[in-house]
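Undergrad: What follows is a structure written as structure tokens; I'll ask about it next.
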Amino acid sequence: MTTFDPHATPPAADTDLPAGEVADASPGNAYEALNEGDDPRWAYGTGFADPLAGVDTRVPDGVDAADLAAYCLMLGDDALVMSHRLQEWCTRAPELEEEVALANIALDLLGQARLLLSRAGTADGSGRDEDALAFLRDAGDFRNVRLAEAVNGDFGHAMARLLVFSTWRLALLGHLTGSRDPVLAAVAVKGVKELTYHRDYAAGWVVRLGDGTAYSRERMREGFAAVWPFVPELFVPHEVESRLVVAGVAADPATVRAEFDAVLDQVLTAATLTRPPGTGPAEPLGRAGTHTEALSTLLSELQDIARTHPEATW
Amino acid sequence: MVSAREVAETVADPELPMLTLADLGILREVTEDEDGAVVVTITPTYSGCPAMEVIRADLYAALRAAGYADVQIRTLLSPAWTTDWIGESGRRKLAEAGIAPPGPVRERAGGPVPVTLGPPRRRVTCPNCGAHDTEELSRFGSTACKALWRCDACREPFEHVKEL
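Written out as structure tokens, the structure is:
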């Protein structure tokens, strides 16, 4: 390994090269120096990037592979899109501790998304990897619930959304720990532990802000009002989910409503808040690919580099 | 030639370098067949653990350097890793490095996970002065597996590997 001095003059040898030739790992090129030799710790094309490396990904008997892939996309897209919204808080959170917390939660969800998208690509036999699925699909091919894609709003709004999302997903994954698909079951077992931390974090802020000052209370109340129209959609199964519930693979979102309501009531009561009035469409819109404009804007940022530089590696 | 298991057990965790992968409990199995082909099985701590690729590469490099030409690294998702798999020596090394080790994970009965409102009731011992008078500053810290705490006796902040 050569040392890199940012103030050093580039070595004269560089300028003596014939046109078209590139200096090989010269001391002036830190990136070449990093990649020197066959040290595979620098993960450039080491082949170690597959999050399901070495995992048995056979589809269980009697399970429709296309349905399983579609279901993994639903749960994976929920996590990917929600993770992106949380990542948008980086450099914008009210305090450093909250920024670290939101980034950590986003990282957990991104990890769940990577496993689930990889599972989708192996189950449907298309061979699409997590990158192809995350970066090369259009908004109409995403299967996330619309709650995940809505714009962030203020911190109260973000905490209302995170409480609703993590309470719902924790309940779903709790049921999925018994899935007949071993990959889904394993993702769920780990996800339950992670989402318990996410939900406690959001619940803590909802109580602190709801039962805080008149101003923080109003921000929290408005946050729930903004999120509430997306709640009914969470509990209506798409036909793929219904078929996989019968096959013993999926969790039925309709059956987690009671758990969701009990947790929301407990937190709202502690926060001296009440459920907002109003409701929204009780149809599996996002699951069927019907999204709000917010998803297109989100994807244009998420996918920009991958689409501008197809198959780029670094 | 050093056995493949012994080589794998010496590899350090990239984010908690005072621990080996074996101390951390993520090295699940090392097998070696008669032709010298090695299969190492590891399990992630958190779903999004960004160190997994580096861990795979470090294991691969260590085994190659020890003379093993055929090395495969497999991921095992189930059973899921828990901090209970950090053994006594791992806990001692963490405390010596100023990181409070995790307490035992509470076994939970079936059914919905209860929500926790208010501060955690765990007692975490300050790794610097040994006092029990400590408080959680942030449930999330510099890596996915750690929380930030402060000792009210010596006033020093410290990290705590949270129970998972």
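The listed protein sequences correspond, in order, to chains A and B. Start counting the first sequence at 1160; every next residue gets the next number (the working numbering). Start counting the second sequence at 585; every next residue gets the next number (the working numbering). Ideal Cβ positions, reconstructed from N, Cα and C, are used throughout, including at glycine.
#1: Name the residue from A:1369, A:1392, A:1437, A:1333 whose alpha carbon lies nearest to the alpha carbon of residue 1384 of chain A.
#2: List, in order along the chain, the chain B residues whose C-beta lies closer than 8 Å to that of residue 1270 of chain A?
#3: Measure from the C-beta of residue 1230 of chain A to each C-beta in chain B and report whether the shortest distance is under 7 Å.
#4: On the DSSP bridge assignment, give the partners of residue 741 of chain B in chain order.
#5: Does the distance from the CB of residue 632 of chain B to the CB of residue 1267 of chain A come in under 7 Å?
#6: Give the residues from the stretch 683 to 702 of chain B that approach chain A closer than 7 Å (Cβ to any Cβ), ordered along the chain.
#7: Please state whether DSSP places residue 1462 of chain A in a helix, a strand or coil.
#8: Does any CB atom of chain B fall closer than 7 Å to the CB of residue 1266 of chain A?
#9: Around the Cβ of residue 1374 of chain A, are there at least 16 other Cβ atoms within 10 angstroms (buried) or fewer (exposed)?
#10: Note down, in chain order, all residues in the stretch 1314 to 1342 of chain A with a beta-carbon under 9 Å from any beta-carbon belonging to chain B.
#11: Determine the burial state of residue 1338 of chain A: buried for a count of at least 16 other Cβ atoms within 10 Å of its Cβ, exposed for fewer.
#12: In angstroms, rounded to a whole number, what distance separates the CA positions of residue 612 of chain B and residue 1465 of chain A?
#13: For residue 1285 of chain A, which three-state DSSP category applies?
#14: State yes or no: is the beta carbon of residue 1258 of chain A nearer than 7 Å to at least one beta carbon in chain B?
#15: Along chain B, in chain order, which residues have C-beta atoms closer than 7 Å to that of residue 1263 of chain A?
#16: Is the beta carbon of residue 1308 of chain A sitting closer than 7 Å to the one on residue 1457 of chain A?
#17: Under DSSP, the beta strand (DSSP E) around residue 625 of chain B begins and ends at which residues?
#18: Determine contact between the stretch 1419 to 1435 of chain A and the stretch 1354 to 1367 of chain A, defined as no fewer than three beta-carbon pairs at a distance below 8 Å.
#19: Which residues in chain B have a C-beta closer than 8 Å to the C-beta of residue 1281 of chain A? List them in chain order.
#20: Determine which residues of the stretch 1349 to 1368 of chain A have a Cβ less than 9 Å from any Cβ of chain B, and write them out in chain order.
#21: Is there a C-beta anywhere in chain A that falls below 7 Å from the one on residue 612 of chain B?
#22: Output the distance between the C-alpha atoms of residue 600 of chain B and residue 592 of chain B, rounded to the nearest integer angstrom.
#23: For residue 616 of chain B, is the beta carbon positioned less than 6 Å from some heavy atom of the ligand MG?
#24: Are the CB atoms of residue 1288 of chain A and residue 1402 of chain A within a distance shorter than 7 Å?
#25: Could you check whether residue 1410 of chain A and residue 1343 of chain A sit closer than 7 Å to each other, using their CB atoms as the reference points?
#26: Scan the stretch 1421 to 1440 of chain A for residues whose Cβ lies nearer than 8 Å to a Cβ of chain B and list them as they occur along the chain.
#27: Name the chain B residues that come within less than 8 Å of residue 1346 of chain A, Cβ to Cβ?
#28: Please look up how many angstroms separate the CB atoms of residue 1318 of chain A and residue 1364 of chain A, rounded, as I've assumed it's under 8 Å.
#29: Can you name the residues of chain A whose CB is closer than 9 Å to the CB of residue 608 of chain B?
#30: Which residues in the same chain as residue 1310 of chain A place their Cβ atom closer than 7 Å to its Cβ, once the five residues preceding and following it in sequence are excluded?
#31: Should residue 1183 of chain A go down as buried or exposed, given a rule of 16 or more other Cβ atoms within 10 Å for buried?
#32: Could you name the residues of the same chain whose beta carbon sits closer than 7 Å to that of residue 1350 of chain A, not counting the 5 residues immediately before and after it, in chain order?
#33: Could you list which residues in chain A have their beta carbon closer than 7 Å to that of residue 748 of chain B, in chain order?
#34: Using a Cβ cut-off of 7 Å (strictly closer), state whether residue 1235 of chain A contacts chain B.
#35: Note down, in chain order, every chain B residue with its Cβ under 7 Å from the Cβ of residue 1377 of chain A.
TA: To lay it out plainly:
#1: A:1437
#2: 628, 630, 631, 632, 633, listed in chain order.
#3: No, residue 1230 of chain A does not count as interfacial toward chain B.
#4: B:734
#5: The Cβ atoms of residue 632 of chain B and residue 1267 of chain A lie closer than 7 Å to each other.
#6: 696, 697, 699, 700, 701
#7: coil
#8: yes
#9: exposed
#10: 1326, 1329, 1330, 1333, 1341, 1342
#11: buried
#12: 35 Å
#13: Coil.
#14: no
#15: 724, 728
#16: yes
#17: 622 to 626
#18: yes
#19: Correct list: empty, because the minimum Cβ distance to chain B is about 13 Å.
#20: Cβ proximity to chain B below 9 Å picks out 1349, 1350, 1351, 1352, 1353, 1354, 1355, 1356, 1358, 1359, 1360, 1362, 1363, 1366 from the stretch 1349 to 1368 of chain A.
#21: Chain A, which has no Cβ nearer than 7 Å to the Cβ of residue 612 of chain B, makes this no.
#22: 16 Å
#23: Ligands displayed in this structure: none; no statement on the ligand MG is therefore possible.
#24: no
#25: no
#26: 1421, 1422, 1425, 1426, 1429
#27: 631, 661
#28: 4 Å
#29: Under the 9 Å cutoff, chain A gives no residues; its nearest Cβ is about 16 Å from residue 608 of chain B.
#30: 1453
#31: Summary for residue 1183 of chain A: the model assigns pLDDT 45, below 50, so the residue's position carries little reliability; its value from the coordinates is reported in the next sentence. Exposed is the call here.
#32: 1271, 1332
#33: 1352
#34: The beta carbon of residue 1235 of chain A does not come within 7 Å of any beta carbon belonging to chain B, so the residue lies off that interface.
#35: Here the premise fails: no neighbours, minimum Cβ distance about 21 Å.
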